[in-house]
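A quick write-up on the structure given underneath.
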Amino acid sequence: MLEIRQIACLDDNYGYLIRCSETGETASIDTPDGEALLNDAKAAGWAISQIWNTHHHWDHTGGNAAIAAKTGASVTAPEAEADRIGGVDHRVRPGDKVKLGKLSAEVIDTGGHTLGHIAYWFESEAVLFSGDALFRLGCGRLFEGTPEQAQAGLARLRALPDETLVHCAHEYSAANARFALSIDPGNEALQADADEIRRLREAEKATVPFRLGDDKAASPFLRWDDPDLRRHLGLEYASDANVFAAVRTAKDNFR
23 MLEIRQIACL
33 DDNYGYLIRC
43 SETGETASID
53 TPDGEALLND
63 AKAAGWAISQ
73 IWNTHHHWDH
83 TGGNAAIAAK
93 TGASVTAPEA
103 EADRIGGVDH
113 RVRPGDKVKL
123 GKLSAEVIDT
133 GGHTLGHIAY
143 WFESEAVLFS
153 GDALFRLGCG
163 RLFEGTPEQA
173 QAGLARLRAL
183 PDETLVHCAH
193 EYSAANARFA
203 LSIDPGNEAL
213 QADADEIRRL
223 REAEKATVPF
233 RLGDDKAASP
243 FLRWDDPDLR
253 RHLGLEYASD
263 ANVFAAVRTA
273 KDNFR
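Shown next, in the form of structure tokens:
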């Protein structure tokens, strides 16, 4: 069984500690704040022995050195970004499997936010750690990749089972909901999700994790082939990547 601790870090990041309940082996999924993660692990009685990075941005790797220095944890990171991260012990490619005790996660190519961005999917647990590739009702800004690359990565995630629980790296859901409603106001699934997000944030609760199947129905970033959204955007005959690109550009310019 996979045990998960979600730690709020910095302004709006989430860091994760994950543990194989059978062996006790523990990993940190990204390291936005090394001290916060170390303190949480100590309070839980968990001993971090691995760090898994999704991409090179500082708010996902900034605590690597502190955690490794105190615990001796090995660092696993995407091969395409390992040199930018530094101190990487295990370089992984899409399709590889990463072990945590008796459990294993598949490495999925989700490049776009950064060129080598990856996600970690525990098929046996129906759990996905998506980094900045996929948020609730959103996706990461395309700092390095193309819309075609990002849409292909999101298509890989969309193909996962509906019951998959998505653990993403930021609390962006409220802002994402406001944008999504501006371009897809008639979507009842989106309306219901936005209401739930509002209630959770008013109660000062996290909106993460979320069920992938719900996001497939509600998020414009995963509905590039939906006829209603295409009509609303005036892109009935555009490619999937071009519809996605239009949604991403609209979000970039949304105020």
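Numbers in our numbering are just positions in the sequence shown, counted from 1, shifted up by 22.
We put the beta carbon where it would ideally sit given N, CA and C, even for glycine.
Next on the checklist: Quick check on alanine 259: buried or exposed, where buried means 16 or more other Cβ atoms within 10 Å of its Cβ?
Outcome noted: Your numbering for residue 259 matches position 237 in the sequence shown. It is worth fixing the name first, because residue 259 is tyrosine in this sequence and not alanine. Exposed is the call here.
Checklist entry - Going by Cα to Cα distance, which pick from Leu60, Tyr36, Ile70, Asp55 is closest to glycine 46? => result Start at 1 with the first residue of the sequence shown, and residue 46 comes out as number 24. Closest in alpha carbon position to glycine 46, among Leu60, Tyr36, Ile70, Asp55, is Ile70.
Item to check | With 16 other Cβ atoms within 10 Å as the buried cut-off, status of glycine 138 | outcome: Walking along the sequence shown from the start, residue 138 turns up at place 116. The residue in question, glycine 138, is buried, as its Cβ has 16 or more Cβ neighbours within 10 Å.
Item to check | Contacting residues, own chain, Cβ-Cβ under 7 angstroms from aspartate 247 (five flanking each side not counted) | outcome: Numbered from 1 along the sequence shown, position 225 holds the residue referred to as residue 247. Take aspartate 247, set aside five residues on each side of it, and the residues of its chain with a beta-carbon closer than 7 angstroms to its own are Asp262, in chain order.
Checklist entry - Terminal residues of the continuous beta strand (DSSP E) containing alanine 49? => result By 1-based counting over the sequence shown, the position of residue 49 is 27. That run of the beta strand (DSSP E) goes 48-51.
Checklist entry - From this set, Glu170, Ala49, Asp131, which residue's C-alpha is nearest glycine 123's C-alpha? => result The count along the sequence shown starts at 1 and reaches residue 123 at position 101. Selected option, being the one with the closest Cα: Ala49.
Next on the checklist: DSSP has histidine 78 in a bridge; who is on the other side?
Outcome noted: In the sequence shown, residue 78 corresponds to position 56, counting from 1. Among the bridge pairs identified by DSSP, histidine 78 is matched with none.
Checklist entry - CB-CB under 6 angstroms to aspartate 154, same chain, minus the five flanking residues each way: which ones, in chain order? => result Taking the sequence shown and counting its residues from 1, one reaches residue 154 at position 132. If we look at aspartate 154 and ignore the five residues flanking it on each side, its Cβ neighbours are His135, Gly162, Ala191.
Checklist entry - So does the segment 114-121 actually touch the segment 52-59, counting three or more Cβ pairs closer than 8 angstroms? => result no
Checklist entry - Count the other CB atoms within 10 Å of the CB of aspartate 184; is the residue buried (16 or more) or exposed (fewer)? => result Taking the first residue of the sequence shown as 1, we reach residue 184 at position 162. Exposed, since its Cβ has fewer than 16 Cβ neighbours within 10 Å.
Checklist entry - Residues in its own chain within less than 6 angstroms of leucine 255 by CB, not counting five upstream and five downstream? => result Translated into positions along the sequence shown, residue 255 becomes position 233. Contacts found: Ala268.
Item to check | Cα-Cα separation between threonine 229 and isoleucine 219, rounded to whole angstroms | outcome: In the sequence shown, counting from the first residue as 1, residue 229 sits at position 207. In the sequence shown, counting from the first residue as 1, residue 219 sits at position 197. The alpha-carbon atoms of threonine 229 and isoleucine 219 are separated by roughly 6 angstroms.
Next on the checklist: If you follow the alpha helix (DSSP H) that phenylalanine 283 is in, where does it begin and where does it stop?
Outcome noted: Nothing can be reported for residue 283: it is not among the residues displayed for the chain, which extend from 23 to 277.
Checklist entry - Out of curiosity, what's the CA-to-CA distance linking alanine 240 and isoleucine 73? => result Walking along the sequence shown from the start, residue 240 turns up at place 218. Walking along the sequence shown from the start, residue 73 turns up at place 51. Spanning the two alpha carbons is a distance of roughly 32 angstroms.
Checklist entry - If we call anything under 7 angstroms between Cβ atoms a contact, is leucine 150 one with threonine 186? => result In the sequence shown, residue 150 corresponds to position 128, counting from 1. In the sequence shown, residue 186 corresponds to position 164, counting from 1. Yes, these two residues count as a Cβ contact at 7 angstroms.
Next on the checklist: Within a Cβ cutoff of 7 angstroms, which residues of the same chain sit near glutamine 173, ignoring the five residues on either side of it in sequence?
Outcome noted: As a position in the sequence shown, residue 173 is number 151, starting the count at 1. Within the same chain, glutamine 173 has close Cβ partners Trp246, Asp262, Ala263, Phe266.
Checklist entry - Using the rule of at least 16 other Cβ atoms within 10 Å of the residue's Cβ for burial, across every protein chain shown, is histidine 271 buried or exposed? => result Here residue 271 corresponds to residue number 249 of the sequence shown, with the count starting at 1. First, the residue type needs correcting, since residue 271 is threonine and not histidine in the sequence shown. Per the 10 Å Cβ criterion, exposed.
Checklist entry - Considering only residues of the segment 187-243, which uninterrupted beta strand (DSSP E) runs meet the minimum length of 3 residues and lie entirely inside it, listed in chain order? => result Segments of the beta strand (DSSP E) lying fully in the segment 187-243: 187-190.
Checklist entry - Within the chosen definition, does the segment 57-67 reach the segment 79-91 through at least 3 CB pairs nearer than 8 angstroms? => result yes
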